[in-house]
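Below is one structure; the comments refer to it alone.
Numbering (our numbering), first residue to last: 12 to 792.
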C-alpha cells in the first residue's frame with residue numbers, strides 16, 4: 012500500500028451514527044424546551060399584567076357589597092329605634108323595657124344595651140373589659156348624631172358592633188342603643204368572591220379579618236377604604252418580570268419559532284433513527300479505516316497522558332461574598348429600617364449581626380445587649396441578629412421584649428456599653444429595624460453605611476464562639492427611676508401606649524413615682540389595631556383627649572411604638588407640642604445647672620432659644636435625628652436636648668439617651684411641684700400659630716435630590732437662612748423649614764409664627780419657592 016504524504020490533508024472522520032443521533036436529540040430537546048419556556052414567560056407576563064386590573068375591580072365591587080351590607084344594618088337599626096313605644100320608654104328612663112322592645116324588633120342582634128348619652132355607665136367600668144372598640148362606637152354615635160358600625164372584641168371573639176343615638180324631642184341624644192351581630196355578616200361577602208390569583212384581605216386597622224390567596228404578598232397590597240365602616244379591602248398581584256428583554260410580540264414569535272425548529276429537528280431525528288435501524292448490524296471497518304483509526308489514536312496518546320498526569324495545587328478559593336442582595340435604602344441616617352418581606356428579612360438581620368459583631372471586635376468590645384419591641388416580626392429578627400453577633404464571636408445578653416430606652420438602660424446597668432434595639436419605632440406593623448449603640452456611641456451616618464459595605468464586600472467575622480444569656484432588667488429600670496423621681500402630690504394621668512411595647516412598663520413606672528394611671532391601648536399588640544403608635548400626629552391623640560376629658564384626668568401622655576418618644580395633651584384638648592415641653596424641661600434643668608447647654612433640632616419653635624437664654628442657658632440648634640443629637644450632646648456636654656418629634660434626652664440625673672418614659676416622669680415631677688393646673692403651667696410658655704410636621708411623600712431617594720435643588724435655588728427676602736439640615740428661614744415674627752425625612756421617603760415641612768397672618772405669609776413664601784422647583788408638587792398646606 013502506498014504511504015500517504017504527511018503534508019496531505021486528512022479526510023474528516025465521519026461521526027458514528029450514535030453520536031449524530033445524540034447531538035440531534037439534544038438540540039431538538041433544547042429547542043422545544045426553549046420554545047415552551049419563552050411562550051410560558053409570555054403567557055405569565057400577560058396574565059400578571061391583566062391580574063392587577065382584575066383585582067382592582069374585585070376590590071371595588073367587594074367594598075361596594077360590604078357598604079351595602081353596612082347600610083342595610085344601619086337602616087334596620089334606625090327603623091327599630093324610631094319605634095314610638097321604644098322612644099317613649101327611653102324618654103321615661105325605662106331602659107329595660109326599651110331593650111326588650113329592641114330585642115323583639117331585631118332578634119338577630121346580640122348584646123343589646125342602652126346607655127344614657129353621657130355614657131357614664133360604660134366609662135365607669137373596667138375599660139379593657141368593656142372594649143375600646145365598643146367605647147369608640149358609642150362615643151362616635153353620640154358626638155356625630157348618627158348610627159355607626161365597627162369591629163369590636165379581641166382576637167377570636169370579634170363581632171360587628173352597632174351603635175345609634177336615640178334623640179329626644181329637641182333632637183339631642185337621650186340615649187344610645189348598642190348591639191352586635193356576627194362578623195360573618197360582612198365577611199361572607201369577601202369569602203364568597205372568586206379570587207383569580209394573587210392575594211386579598213379584609214382588615215380593620217392593621218388587624219386582618221379575612222385573607223385569601225398567597226399570604227406572602229400581604230406586604231405589597233393596595234387597599235380601598237370601605238365607605239360606612241372603618242375597614243379596608245386590600246389586594247396584591249404577584250410581580251413577574253420576564254428574563255427576555257423583548258416585547259411580548261417578539262417573545263411570541265421567538266417561542267413559536269423555537270417550537271418549529273424543535274419540531275423540524277425531531278423530524279430529522281426520526282428519519283436518522285429509521286435509517287440507522289434499516290442498516291441492520293454494524294459493518295466491519297475496512298483495512299484503510301482501521302489504519303486511519305490507529306494513526307488517530309497514536310496522535311491522541313500524548314494528550315491522554317497529559318490528562319493522566321497528577322493534578323497541580325488547587326487555586327486559593329475566592330473570598331465568599333454573601334449571596335443575599337441588600338437594599339441600600341434601609342441603611343438610613345441614624346438607624347436601619349425596612350419593610351418585612353420587601354427590604355428586610357431574617358437573613359439580612361443575621362448579616363447585620365455579623366457586621367455589627369465585626370465592628371465590635373475591631374473596637375475590642377465583647378458584650379452586647381439585644382432587646383426588641385412588640386412587633387410580630389421581632390422574635391425572628393432578634394434571633395437572627397443574635398445568631399449573627401455570636402457568629403462574629405460576641406457575647407449576647409438577650410433582654411427579650413422591652414422598650415428601646417430600657418435596652419439603652421441595660422447597656423449601662425450591665426456595663427456592656429453596647430446594645431441593639433430591634434424596633435420599627437412608630438412605623439406601620441410591616442416595618443422593623445435596628446437602633447445600634449457601640450461603646451456608648453449611637454451609630455449614624457457613615458458608621459451605618461460602613462455596615463452596608465462590610466456585608467456587600469463580605470468583610471465579616473465568622474469564627475463563632477459567642478455566648479448567650481437571657482436577663483430581665485425591667486425591675487431595675489423601674490427602681491432606678493422611682494429612686495430619683497417622686498411626686499409631691501398625686502396626679503391623675505391617662506396613658507396611651509398605642510399598643511406599643513411601652514404599654515406595660517410605662518404605667519408601672521408612673522405608678523411607682525406616685526401617679527394615678529388610667530391605661531388606654533396599653534395591651535401590647537404588634538398589629539397596632541387602634542391607631543399608629545405615633546404621638547406626633549394629632550389624629551392619633553383623639554381617643555386620649557376624649558378619655559382625659561371623660562375622667563377629668565390632670566393630663567394625658569402618649570408613647571410611640573418603642574417608648575422613646577412622648578406626646579402630651581391637656582384636659583382642654585390642647586396638644587402640647589414637644590418644643591414647648593422642652594421649654595419647661597429647660598427651665599427646670601437650668602434652675603440646678605445655670606449656664607448649661609441645651610440642644611434642640613431645626614424643627615423646634617423660634618421662641619425656644621429666647622426661653623433658654625432668659626433662664627440662663629446656652630441654646631444650640633442642631634440636625635434632626637436621635638443619633639445626631641446624642642453625638643452633639645457628647646461633643647458639647649449638654650445637660651438636655653429635645654426634638655420636635657418628641658425625643659427628649661436628659662443627661663442631668665439620667666444617662667443622656669432618648670427616653671419617653673423617663674421624660675414623662677420628669678414632666679409629672681414638674682407639674683406636681685406646682686400648685687397650678689397643668690393648663691396654667693403650659694399657658695405661660697410662649698405659643699404662637701404653628702403647624703405640626705407636614706409630610707410630602709416622594710419616591711425613594713427623590714426627596715434628597717429635591718432638597719439639594721431647593722437649597723440652591725430658594726430665595727427668601729429678609730430671612731436668616733440655616734442649612735444645617737435642609738433649609739430653615741427665620742424672620743423676626745416666624746420661620747419655615749423644608750428638610751428630608753430620614754425615616755421615610757418624604758419631605759418634612761413645618762411653620763411657626765407669632766400669629767395667623769404671619770404664618771400665612773411665611774407659608775405663601777415657601778409655597779412659591781417649593782413650586783418653583785417642582786410645579787407638580789402636592790403641598791399639604
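Every residue, glycine too, gets a C-beta built ideally from N, C-alpha and C.
Just so it is clear, the structure is predicted and the values come from calculations on it, not from any experiment.
Considering only the alpha carbon of each residue, which of 115, 571 and 274 lies closest to residue 415? One-based indexing of the chain shown puts residue 415 at position 404. Answer by Cα proximity: 571.
For the putative contact between residue 735 and residue 633, defined by C-beta atoms under 8 angstroms, what is the C-beta separation to the nearest angstrom? As a working note, residue 735 is residue 724 in the chain shown. As a working note, residue 633 is residue 622 in the chain shown. Residue 735 to residue 633, Cβ: 7 angstroms. Contact.
Inter-residue spacing [alpha-carbon to alpha-carbon] between residue 565 and residue 525: Locating residue 565 in the chain shown gives position 554, counting from the first residue. Locating residue 525 in the chain shown gives position 514, counting from the first residue. Straight-line Cα distance between these residues: approximately 14 angstroms.
Taking the beta strand (DSSP E) that residue 660 falls in, what are its first and last residues? One-based indexing of the chain shown puts residue 660 at position 649. Unbroken beta strand (DSSP E) run through residue 660: 659-661.
Tell me whether the beta-carbon of residue 171 lies closer than 8 angstroms to the beta-carbon of residue 196. Your numbering for residue 171 matches position 160 in the chain shown. Your numbering for residue 196 matches position 185 in the chain shown. Cβ distance < 8 angstroms, so residue 171 and residue 196 count as in contact.
If residue 742 sits next to residue 763, beta carbons under 8 angstroms apart, how far is it from one beta carbon to the other, in whole angstroms? Looking up residue 742 in the chain shown gives position 731. Looking up residue 763 in the chain shown gives position 752. Wrong, their Cβ atoms sit about 11 angstroms apart, outside the cutoff.
For a quick check, are the C-beta atoms of residue 799 and residue 209 less than 8 angstroms apart? Since the first residue shown for the chain is 12 and the last is 792, residue 799 is missing from the structure and cannot be characterised.
Please report the straight-line C-alpha distance between residue 64 and residue 48, rounded to a whole angstrom. Within the chain shown, the letter at position 53 stands for residue 64. Within the chain shown, the letter at position 37 stands for residue 48. If you take the alpha carbons of residue 64 and residue 48, they lie about 25 angstroms apart.
What I want to know is whether the C-beta of residue 180 ends up closer than 7 angstroms to one or more non-hydrogen atoms of the ligand ATP. With respect to small molecules bound, the structure shown includes none, and the ligand ATP cannot be examined in it.
Three Cβ pairs or more, each shorter than 8 angstroms: is that satisfied between the segment 437-451 and the segment 369-388? yes
Could you check where the alpha helix (DSSP H) with residue 446 kicks off and where it finishes? Locating residue 446 in the chain shown gives position 435, counting from the first residue. Segment 442-449 is the beta strand (DSSP E) holding residue 446; no alpha helix (DSSP H) there.
Taking all protein chains shown into account, decide if residue 605 is buried (16 or more other Cβ within 10 angstroms of its Cβ) or exposed. The residue labelled residue 605 in the question sits at position 594 within the chain shown. Looking at its Cβ environment, which holds fewer than 16 other Cβ atoms inside 10 Å, residue 605 is exposed.
Report the partner residues of residue 350 according to the DSSP bridge assignment. Reading the chain shown from its first residue, position 339 is the one you call residue 350. Answer is 442, bridged to residue 350.
At which residues does the alpha helix (DSSP H) containing residue 602 begin and terminate? Here the question's residue 602 lines up with position 591 in the chain shown. Per DSSP, residue 602 belongs to the alpha helix (DSSP H) from 589-603.
I need the boundaries of the beta strand (DSSP E) containing residue 709, first residue and last residue. Numbered from its first residue, the chain shown carries residue 709 at position 698. No beta strand (DSSP E) holds residue 709; DSSP gives it neither H nor E.
With DSSP collapsed to three states, give me the class of residue 559. Translated into the one-based positions of the chain shown, residue 559 becomes position 548. Correct three-state label for residue 559: helix.
Applying the criterion that 16 or more other CB atoms from any shown protein chain within 10 Å of the CB defines a buried residue, is residue 154 buried or exposed? Looking up residue 154 in the chain shown gives position 143. Residue 154 should be labelled exposed.
Looking at the strands, I want to know which residues DSSP matches up with residue 611. The residue labelled residue 611 in the question sits at position 600 within the chain shown. For residue 611, which the question treats as bridged, DSSP gives the partners 632 and 653.
State the Cα-Cα distance for the pair residue 590 and residue 623, rounded to the nearest angstrom. In the chain shown, residue 590 corresponds to position 579, counting from 1. In the chain shown, residue 623 corresponds to position 612, counting from 1. Residue 590 and residue 623: Cα-Cα distance of roughly 12 angstroms.
With distances taken between CB atoms, is the gap from residue 561 to residue 143 smaller than 8 angstroms? One-based indexing of the chain shown puts residue 561 at position 550. One-based indexing of the chain shown puts residue 143 at position 132. For residue 561 and residue 143, no; Cβs fall outside 8 angstroms.
With residue 203 and residue 175 assumed to form a contact (beta carbons below 8 angstroms), what rounded beta-carbon distance in angstroms separates them? In the chain shown, counting from the first residue as 1, residue 203 sits at position 192. In the chain shown, counting from the first residue as 1, residue 175 sits at position 164. So it is not a contact: roughly 28 angstroms between Cβ atoms.
Cβ-based burial, residue 236 [other Cβ within 10 Å; buried from 16]: On the chain shown, position 225 is the one that residue 236 refers to. When all chains shown are included, residue 236 counts as exposed.
The alpha helix (DSSP H) with residue 369 in it runs from where to where? In the chain shown, residue 369 corresponds to position 358, counting from 1. Its alpha helix (DSSP H) spans residues 357-373.
Going by DSSP in three states, residue 482 sits in which element: helix, strand or coil? As a first step, residue 482 must be located in the chain shown, where it is residue number 471. Coil, per DSSP.
Got a sec, what are the start and stop residues for the beta strand (DSSP E) residue 762 sits in? Taking the chain shown and counting its residues from 1, one reaches residue 762 at position 751. Residues 757-764.
Can you find a CB in chain C that lies within less than 8 angstroms of the CB of residue 748? No chain C is present in this structure, which holds just one protein chain.
Given residue 668, which residues of its chain have a CB within under 6 angstroms of its CB, disregarding the five upstream and five downstream residues? Translated into the one-based positions of the chain shown, residue 668 becomes position 657. Answer for residue 668: 419, listed in chain order.
Helix, strand or coil at residue 45 [DSSP, three-state]: Walking along the chain shown from the start, residue 45 turns up at place 34. Of the three classes helix, strand and coil, the one that applies to residue 45 here is helix, per DSSP.
Report buried or exposed for residue 689, applying the criterion of at least 16 other Cβ atoms within 10 angstroms of its Cβ. Locating residue 689 in the chain shown gives position 678, where the first residue counts as 1. Buried, since its Cβ has 16 or more Cβ neighbours within 10 Å.
Buried or exposed for residue 641, going by 16 or more other Cβ atoms inside 10 Å? Residue numbering aside, residue 641 sits at position 630 when the chain shown is read from its first letter. Classification for residue 641: buried.
Straight-line Cα distance separating residue 388 from residue 215: By 1-based counting over the chain shown, the position of residue 215 is 204. By 1-based counting over the chain shown, the position of residue 388 is 377. Distance between the alpha carbons of residue 215 and residue 388 is about 19 angstroms.
Is residue 638 helix, strand or coil by DSSP? Along the chain shown, read from residue 1 onward, the residue named residue 638 stands at position 627. DSSP places residue 638 in helix when its eight states are reduced to three.
Would you kindly report the start and end of the unbroken beta strand (DSSP E) that includes residue 345? To locate residue 345, count along the chain shown from 1; it is residue 334. Looking at the DSSP string, residue 345 is not in any beta strand (DSSP E), and its letter there is neither H nor E.
In this structure, how does DSSP classify residue 222 when only helix, strand and coil are distinguished? Position 211 of the chain shown, counted from the start, is the residue given in the question as residue 222. Strand.
Quick one: what's residue 780 bridged to in DSSP? In the chain shown, counting from the first residue as 1, residue 780 sits at position 769. Answer is none; residue 780 lacks a bridge partner.
Classify residue 37: buried if its beta carbon has 16 or more other beta carbons within 10 angstroms, exposed otherwise. Within the chain shown, numbered from 1, the residue matching residue 37 stands at position 26. Exposed.
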